[in-house]
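Respectively, the protein sequence lines represent chains A and B.
In terms of the UniProt record's numbering, the numbers along the first sequence are unbroken and rise by one, the last being 623.
In terms of the UniProt record's numbering, the numbers along the second sequence are unbroken and rise by one, the last being 623.
Number of protein chains: 2
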Amino acid sequence: MSPKITTELLKHLRQVMKNPRYVQEPVQAYIVPSGDAHQSEYIAPCDCRRAFISGFDGSAGTAIVTEQHAAMWTDGRYFLQAAHQMDSNWTLMKMGLKDTPTQEDWLVNVLPEGSRVGVDPFIIPADQWKRMSKVLRSAGHDLVPVKENLIDTIWTDCPQRPCKPLITLDLSYTGVTWRDKIVALRSKMAERKVMWFVVTALDEVAWLFNLRGSDVEYNPVFFAYAVIGMNTIRLFIDGDRMMDPAVREHLQLDSTLEPEFKIQVLPYGSILSELQAVGAGLSPKEKVWLSDKASYALTEAIPKAYRYLTPYTPICIAKAVKNAAETEGMRRAHIKDAVALCELFNWLEKEVPKGTVTEIVAADKAEEFRSQQKDFVELSFATISSTGPNGAIIHYKPVPETNRTLSVNEIYLLDSGAQYKDGTTDVTRTMHFGTPSAYEKECFTYVLKGHIAVSAAIFPNGTKGHLLDSFARSALWDCGLDYLHGTGHGVGSFLNVHEGPCGISYKTFADEPLEAGMIVSDEPGYYEDGSFGIRIENVVLVIPAETKYNFKNRGSLTFEPLTLVPIQTKMIDVSLLTEKERNWVNEYHQKCREVVGAELERQGRHEALRWLLRETEPLVRVQ
Amino acid sequence: MSPKITTELLKHLRQVMKNPRYVQEPVQAYIVPSGDAHQSEYIAPCDCRRAFISGFDGSAGTAIVTEQHAAMWTDGRYFLQAAHQMDSNWTLMKMGLKDTPTQEDWLVNVLPEGSRVGVDPFIIPADQWKRMSKVLRSAGHDLVPVKENLIDTIWTDCPQRPCKPLITLDLSYTGVTWRDKIVALRSKMAERKVMWFVVTALDEVAWLFNLRGSDVEYNPVFFAYAVIGMNTIRLFIDGDRMMDPAVREHLQLDSTLEPEFKIQVLPYGSILSELQAVGAGLSPKEKVWLSDKASYALTEAIPKAYRYLTPYTPICIAKAVKNAAETEGMRRAHIKDAVALCELFNWLEKEVPKGTVTEIVAADKAEEFRSQQKDFVELSFATISSTGPNGAIIHYKPVPETNRTLSVNEIYLLDSGAQYKDGTTDVTRTMHFGTPSAYEKECFTYVLKGHIAVSAAIFPNGTKGHLLDSFARSALWDCGLDYLHGTGHGVGSFLNVHEGPCGISYKTFADEPLEAGMIVSDEPGYYEDGSFGIRIENVVLVIPAETKYNFKNRGSLTFEPLTLVPIQTKMIDVSLLTEKERNWVNEYHQKCREVVGAELERQGRHEALRWLLRETEPLVRVQ
């Protein structure tokens with residue numbers, strides 16, 4: 001991977017930062033956040049402005065360009081990748097390390113007195129605007145909205161915004177009709193005494209209307225906004241997608257409906273003016289509910305006194321708790337996914353020793369096996385197929401320049417997943433196709449102990465996920481080891497592979513309590529720069545736990561693994577496991593045998609079945 | 001404990017809430033917070049306004065009185081106590097439970113439109129004012145400062161503010177002179193580009209000047225403020241305490257000093273006008289540093305643009321990291337404290353079967369033994385001496401109405417500590433003087449497992465204490481049990497027994513990372529309402545840990561128990577302990593034998609020594 005040469009681009013950007021065609025007064029700094037106008041994590045090519053200007057294309061990062069500097073903030077997952085992809089014009093700001101300044105503090109430090117800091121008001125979330133503008137103002141600077149995106153002005157070959165056909169999901173997949181979702185939403189609105197709700201996140205629009213799209217790779221979403229009133233529904237969406245008879249039928253666009261369920265379809269680009277009209281027409285006490293992560297532009301459309309902002313929207317919270325149809329769908333999707341991975345690992349075991357399997361070949365093969373499964377739609381994220389030192393690049397994606405050949409001498413880490421019409425998967429397995437060293441086994445076993453500590457944890461109803469994060473680290477900490485990422489994220493149901501409001505991370509405190517029906521990942525790891533990476537990831541469902549006692553009648557929760565892919569026993573130093581941990585592995589593997597074995601049998605995949613049976617032999621106690 | 005009858009008092013308060021002598025316009029609600037003008041946790045009798053109006057005298061709670069309602073917010077430690085002490089005029093608001101509204105939400109719900117909510121601006125912290133006034137304003141109400149404290153106007157026999165003599169601490173206790181502390185503070189101020197620092201917390205004033213007082217029971221502090229400039233030192237303090245030659249000498253009040261170390265002594269009551277004068281004289285860019293928990297009144301004295309507010313002050317952070325002199329002092333104090341408790345438990349073992357020892361007698365006896373130790377000053381908090389069901393009242397203090405007799409049939413919980421001139425102690429032991437039931441032993445053992453899990457935890461440098469909280473709960477959670485309080489608090493060095501900025505609790509996120517030299521408590525528990533309470537508490541010192549590996553060269557930390565008092569082995573179900581846990585107990589007891597044994601020997605306390613040796617026999621593995 002050679003870095004992108006950005007000298008000319010930065011020169012060009014610094015020119016437009018002073019060009020009166022785009023800015024009323026020159027801006028001394030320009031912020032290029034990661035997201036799009038919906039604050040999406042995964043974005044369409046036309047929204048990859050930060051990658052365009054810097055070369056760094058990881059999923060998280062914020063660039064700031066001043067007259068003298070160009071700096072990039074990103075987190076531990078991307079330190080190595082960002083360092084590889086950016087040229088010497090850029091300074092890497094390692095978030096999470098003690099001495100790394102915040103963006104605001106850095107700006108205050110480098111800017112000349114009375115500077116103007118520009119940002120696209122459609123891209124920056126309102127909460128971030130508020131925080132930054134406060135710090136900047138108190139240091140004598142100004143955060144200013146720049147209506148025309150300055151990156152777009154210099155991005156001559158910027159791709160078009162996608163506008164792909166929609167998929168309708170029936171009740172067997174969603175469990176609840178969009179009408180009932182609107183009813184539930186309005187009842188939440190009534191509870192909080194708000195008259196309007198603005199849906200800005202793409203997965204929330206998709207979930208609410210039981211529609212899916214493919215405008216953004218890996219995330220089955222489509223560019224749209226919605227504004228829900230107590231008696232009106234407005235959907236802002238472009239293209240001829242609303243001409244599709246299946247979609248018209250699904251949304252009952254041509255039926256005679258009670259007026260409060262009649263969907264008014266409006267152009268995507270009219271959201272700001274429509275919202276401004278709503279804002280202008282509000283009578284006292286008529287509040288408008290928005291996520292505090294909605295864009296500054298949309299938030300400003302509603303006069304401050306009328307805004308009701310929350311970190312998590314009622315849709316986000318409802319979406320996280322999967323109903324029976326969704327849970328069953330997720331189970332089915334994970335069984336199919338396990339079938340594909342059993343095929344893959346069986347194939348890899350045979351092929352790797354020949355020395356012809358590269359990271360890209362392995363990733364493509366994984367996709368091939370997945371695509372053979374029923375209701376497969378696409379991958380749920382870019383496959384992390386990494387061997388040896390590439391495994392230490394936490395969110396690595398193989399490209400021709402970095403593509404290594406798998407061998408019997410290196411650890412192989414595969415983090416991959418798919419979108420099926422019935423569910424979303426995300427699984428990481430770390431394998432050795434030869435003989436792992438004692439040290440590699442030791443590290444793998446600490447990671448496994450952390451994985452089990454979370455997966456088998458029992459905790460009271462109402463516990464927030466961040467309180468479980470240290471369980472995943474304890475075995476590593478005991479030996480002075482750790483990993484620089486969170487332990488788990490919420491997973492959507494045929495939706496985004498990363499979703500809120502729950503998760504398992506030391507980094508958040510504002511996560512919502514875990515509830516039965518929520519689905520998160522459990523993925524501790526250990527990474528040694530330049531050598532190897534280890535991660536063990538299952539997607540797990542929050543379920544009620546039976547306990548001996550029941551303090552204050554609160555009830556307890558635990559996790560049930562949905563992912564059912566063998567954990568390579570060759571990598572385990574069994575002497576480091578407690579009896580409880582050994583039993584956990586054996587019971588997990590027994591379940592893989594039963595459930596995935598039956599499906600392999602049904603699909604006539606006998607060789608993969610033999611591989612599964614071999615890989616799930618019980619661990620025996622060592623003395 | 002019979003509740004305080006508050007009908008007349010509340011009637012009287014509601015009258016003054018409308019009396020133009022005290023309020024410009026009537027207030028529809030009046031907030032009575034817990035603290036004093038320094039936001040102290042422990043307060044002088046004259047500041048116990050919330051206890052006066054409600055009867056509830058726990059250490060934490062906020063009362064709000066409206067025309068129709070009187071409500072009290074307090075946390076899990078005090079649910080039972082508050083319910084006992086308050087009459088039916090009061091509604092108990094159980095903080096931490098899901099359905100309990102915040103004070104702001106409750107006010108918005110009960111108040112008539114456009115209400116005024118009054119509060120003493122000297123008592124309410126600025127951060128709380130900000131939060132409340134924002135919510136109230138957005139609901140159409142106003143938070144208004146009421147200069148004259150309305151409780152004081154109806155509290156006819158309010159005691160006088162104390163003004164007791166000061167204690168000076170020399171270098172052998174403090175390790176650093178007050179001059180060097182001022183130098184270090186000014187260097188922190190220079191780093192942040194602030195010109196003034198306002199010291200509002202009583203323990204911060206005491207620490208900064210190496211002085212102690214006894215104005216507040218249990219906390220060796222004195223009523224004072226300080227304002228530190230880059231070239232000036234102003235100390236606001238009343239009484240003739242500054243006439244004491246030892247104090248004058250200590251502060252070098254009569255010496256010829258460089259002007260920047262000359263202390264200007266001013267009346268306590270002049271802080272507001274002096275600070276207003278500072279505020280009025282600021283030139284641009286001259287910032288004033290205050291804690292965001294300083295009172296609203298003092299914060300408002302500085303124009304907003306000139307304020308620099310942080311959750312933790314540089315004094316709070318420096319004070320938390322104990323130097324070698326302080327650490328050695330804390331060690332000495334804990335050895336003396338252990339001697340006193342060995343004497344006490346030996347005595348209790350003989351006396352309890354006679355049926356003559358009440359909770360109060362036991363608490364007095366504990367104080368008697370402690371007072372025999374060198375440099376004993378006073379207790380560090382009200383002794384929690386509780387047997388049977390009283391043990392479930394988490395912050396119970398025995399009074400004649402509740403005083404139970406210790407017996408061989410009930411669990412006895414003693415949470416006690418002292419102020420010695422060389423250190424502060426805080427220790428809880430749970431004992432049975434007869435034969436505990438299997439269930440009592442089971443619960444005790446889960447609590448012990450939690451205690452050990454924290455005490456023996458190894459974690460990376462920079463870890464915040466709240467990330468360790470779940471370790472203390474894991475064994476309880478596994479069986480469906482839990483406790484409704486945090487796991488640990490910072491402990492001062494001959495200062496407040498509760499201090500920031502570190503601690504171990506699921507409730508905080510803004511705690512500062514643990515550093516070697518910090519001192520916290522480790523005190524998980526389990527409480528069964530109406531039956532018993534169990535808590536095992538040691539004060540522990542954060543120390544560097546040796547680990548097999550050292551990820552990113554970060555270094556690791558762990559804890560060293562300073563408390564060296566036997567944990568009753570009779571209460572332990574050894575079959576529930578892992579080998580590692582059993583070894584921890586045995587090594588801990590071995591250290592108690594060696595260190596405390598030697599001191600008991602030195603003090604000629606042979607009977608207590610025999611008790612110690614008996615109580616610290618190693619646990620033997622059960623099959």
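Beta carbons: idealized from backbone N, C-alpha and C, even for Gly.
Quick one: list the residues of chain B neighbouring leucine 468 of chain A, beta-carbon separation under 8 angstroms, in chain order.
Here the question's residue 468 of chain A lines up with position 468 in the first sequence. The contacting residues are Ser470.
Rounded Cβ spacing between glutamine 39 of chain B and alanine 224 of chain B (contact assumed at less than 8 angstroms)
For the purposes of this step, residue 39 of chain B is taken as the residue at position 39 of the second sequence. For the purposes of this step, residue 224 of chain B is taken as the residue at position 224 of the second sequence. Wrong, their Cβ atoms sit about 14 angstroms apart, outside the cutoff.
Can you grab the Cα-Cα spacing for the pair alanine 83 of chain A / histidine 485 of chain A, in whole Å?
Taking the first sequence and counting its residues from 1, the one referred to as residue 83 of chain A is at position 83. Taking the first sequence and counting its residues from 1, the one referred to as residue 485 of chain A is at position 485. Alanine 83 of chain A and histidine 485 of chain A: Cα-Cα distance of roughly 17 angstroms.
Per-residue burial, arginine 535 of chain A [other beta carbons within 10 Å of its own, 16 or more giving buried]
Residue numbering aside, residue 535 of chain A sits at position 535 when the first sequence is read from its first letter. Counting Cβ neighbours within 10 Å, arginine 535 of chain A comes out buried, since at least 16 surround it.
Since tryptophan 106 of chain A meets chain B, which of its residues come closer than 8 angstroms, beta carbon to beta carbon?
What you label residue 106 of chain A is simply residue 106 of the first sequence in a count that begins at 1. None at all; the shortest Cβ gap to chain B is about 16 angstroms.
By the 9 angstroms beta-carbon criterion, what residues does the segment 554-587 of chain B contribute toward chain A?
Arg554, Gly555, Ser556 and Thr578
Whose C-beta lies closer than 7 angstroms to the C-beta of alanine 246 of chain A among residues of the same chain, with five residues either side of it excluded?
Taking the first residue of the first sequence as position 1, residue 246 of chain A is located at position 246. Only Thr168 meet the Cβ criterion.
Can you list, in chain order, the stretches of the beta strand (DSSP E) that have 3 or more residues and sit fully within the segment 538-602 of chain B?
538-545 and 556-561
Please confirm if the segment 272-279 of chain B is in contact with the segment 289-308 of chain B, defined as three or more CB-CB distances below 8 angstroms between the two stretches.
yes
Measuring CB to CB, does alanine 63 of chain A end up less than 9 angstroms from alanine 70 of chain A?
Mapped onto the first sequence, residue 63 of chain A falls at position 63. Mapped onto the first sequence, residue 70 of chain A falls at position 70. Yes, they are a contact pair.
Taking the beta strand (DSSP E) that valine 194 of chain B falls in, what are its first and last residues?
The residue labelled residue 194 of chain B in the question sits at position 194 within the second sequence. Segment 194-199, the beta strand (DSSP E) holding valine 194 of chain B.
Does the Cβ-Cβ distance between leucine 448 of chain B and methionine 431 of chain B come in under 9 angstroms?
Indexing the second sequence from 1 puts residue 448 of chain B at position 448. Indexing the second sequence from 1 puts residue 431 of chain B at position 431. Result no, Cβ atoms of leucine 448 of chain B and methionine 431 of chain B do not sit closer than 9 angstroms.
Could you work out which residue in B:Arg14, B:Met330, B:Trp611 and B:Val27 is closest to glutamate 343 of chain B when comparing CA atoms only?
Taking the first residue of the second sequence as position 1, residue 343 of chain B is located at position 343. For glutamate 343 of chain B, the nearest C-alpha among the options comes from B:Trp611.
Below 9 angstroms on C-beta distance, what does lysine 365 of chain B contact in chain A?
On the second sequence, residue 365 of chain B is found 365 positions in, with the first residue counted as 1. Residues of chain A passing the Cβ test: none, with the nearest at roughly 33 angstroms.
For tyrosine 412 of chain B, which option in B:Asn538, B:Glu401, B:Pro353 and B:Asp422 has the closest C-alpha, if you only look at C-alpha atoms?
Counting from 1 along the second sequence, the entry for residue 412 of chain B is found at position 412. The shortest Cα separation from tyrosine 412 of chain B among B:Asn538, B:Glu401, B:Pro353 and B:Asp422 belongs to B:Pro353.
Reference aspartate 529 of chain A; option with closest CA among A:Ile543, A:Thr425, A:Ile394 and A:Glu594
The residue labelled residue 529 of chain A in the question sits at position 529 within the first sequence. Among A:Ile543, A:Thr425, A:Ile394 and A:Glu594, the Cα nearest to that of aspartate 529 of chain A is on A:Ile394.
Relative to the C-alpha of alanine 126 of chain A, which residue among A:Gln85, A:Leu143 and A:Gly213 is closest?
Your numbering for residue 126 of chain A matches position 126 in the first sequence. Closest option to alanine 126 of chain A, Cα to Cα, is A:Leu143.
Any residues in the segment 467-496 of chain A with a beta carbon nearer than 9 angstroms to a beta carbon of chain B? Which ones, in chain order?
Leu467, Leu468, Asp469, Ser470, Phe471, Arg473, Ser474, Leu476, Trp477, Asp478, Cys479, Gly480, Leu481, Asp482, Tyr483 and Leu484
Apart from the five residues just before and just after lysine 287 of chain B, which ones in its own chain have a Cβ nearer than 8 angstroms to its Cβ?
As a first step, residue 287 of chain B must be located in the second sequence, where it is residue number 287. Excluding residues within five positions, the ones whose Cβ falls inside 8 angstroms are Arg192, Lys193, Val194, Met195, Trp196, Tyr306, Arg307 and Tyr308.
Could you pull out every unbroken alpha helix (DSSP H) segment of at least 4 residues lying fully inside the segment 342-417 of chain B, listed in chain order?
359-371
Threshold first: 3 residues or longer. Then list the beta strand (DSSP E) segments lying entirely within the segment 255-333 of chain A, N to C.
263-266, 287-291 and 307-310
Looking at chain A, is there any beta carbon in it that lies within less than 9 angstroms of the beta carbon of tyrosine 549 of chain B?
Numbered from 1 along the second sequence, position 549 holds the residue referred to as residue 549 of chain B. For tyrosine 549 of chain B, the answer is yes, since a Cβ of chain A falls inside 9 angstroms of its Cβ.
First and last residue of the uninterrupted beta strand (DSSP E) at histidine 489 of chain A
What you label residue 489 of chain A is simply residue 489 of the first sequence in a count that begins at 1. Histidine 489 of chain A -> beta strand (DSSP E) spans 488-490.
Return no unless some Cβ of chain B is closer than 9 angstroms to the Cβ of glycine 462 of chain A.
By 1-based counting over the first sequence, the position of residue 462 of chain A is 462. True, the Cβ-Cβ gap to chain B drops below 9 angstroms.
Exposed or buried, residue 678 of chain B, counting other C-beta atoms within 10 Å across all chains shown (16 or more means buried)?
Missing from the structure shown is residue 678 of chain B; chain B here goes from 1 to 623 and no further.
Would you call the segment 355-371 of chain A and the segment 399-409 of chain A in contact, with 3 or more CB pairs under 8 angstroms?
yes
Skipping 5 residues on each side, what residues in its chain have a beta carbon closer than 8 angstroms to that of phenylalanine 551 of chain B?
Here residue 551 of chain B corresponds to residue number 551 of the second sequence, with the count starting at 1. Excluding sequence neighbours, phenylalanine 551 of chain B sits near Pro460.
Does isoleucine 237 of chain A come out as helix, strand or coil in the three-state DSSP assignment?
In the first sequence, residue 237 of chain A corresponds to position 237, counting from 1. Isoleucine 237 of chain A: strand per DSSP, three-state reduction.
Give the residues of chain A in contact with isoleucine 458 of chain B, contact being defined as C-beta atoms less than 7 angstroms apart.
Reading the second sequence from its first residue, position 458 is the one you call residue 458 of chain B. Going along chain A in sequence order, the residues near isoleucine 458 of chain B (Cβ under 7 angstroms) are Trp477 and Asp478.
Considering only DSSP beta bridges, list what serine 521 of chain A is partnered with.
Numbered from its first residue, the first sequence carries residue 521 of chain A at position 521. Paired residue(s): A:Val539.
Does any residue of chain A have a CB that is nearer than 9 angstroms to the CB of alanine 320 of chain B?
Taking the second sequence and counting its residues from 1, one reaches residue 320 of chain B at position 320. It does not: the Cβ of alanine 320 of chain B has no partner Cβ on chain A nearer than 9 angstroms.
When Cβ atoms are compared, which residues of the segment 508-532 of chain B fall closer than 7 angstroms to chain A?
Phe509
Span of the alpha helix (DSSP H) around cysteine 46 of chain B:
Taking the first residue of the second sequence as 1, we reach residue 46 of chain B at position 46. That residue, cysteine 46 of chain B, is in no alpha helix (DSSP H); it is neither H nor E in DSSP.
Against chain B, does tyrosine 506 of chain A count as a neighbour if the rule is that its beta carbon must be under 9 angstroms from one of theirs?
If you number the first sequence from 1, residue 506 of chain A lands on position 506. Yes, because at least one Cβ of chain B sits closer than 9 angstroms to the Cβ of tyrosine 506 of chain A.
So which residues of chain B does lysine 98 of chain A contact, with C-beta pairs closer than 7 angstroms?
Taking the first residue of the first sequence as 1, we reach residue 98 of chain A at position 98. Those are Gly462, listed as they occur along chain B.
Report the residue from A:Gly329, A:Asn89 and A:Asp75 whose alpha carbon sits nearest the alpha carbon of threonine 6 of chain A.
Counting from one through the first sequence, the residue named residue 6 of chain A turns up at place 6. Taking only the C-alpha atoms, the option nearest threonine 6 of chain A is A:Asn89.
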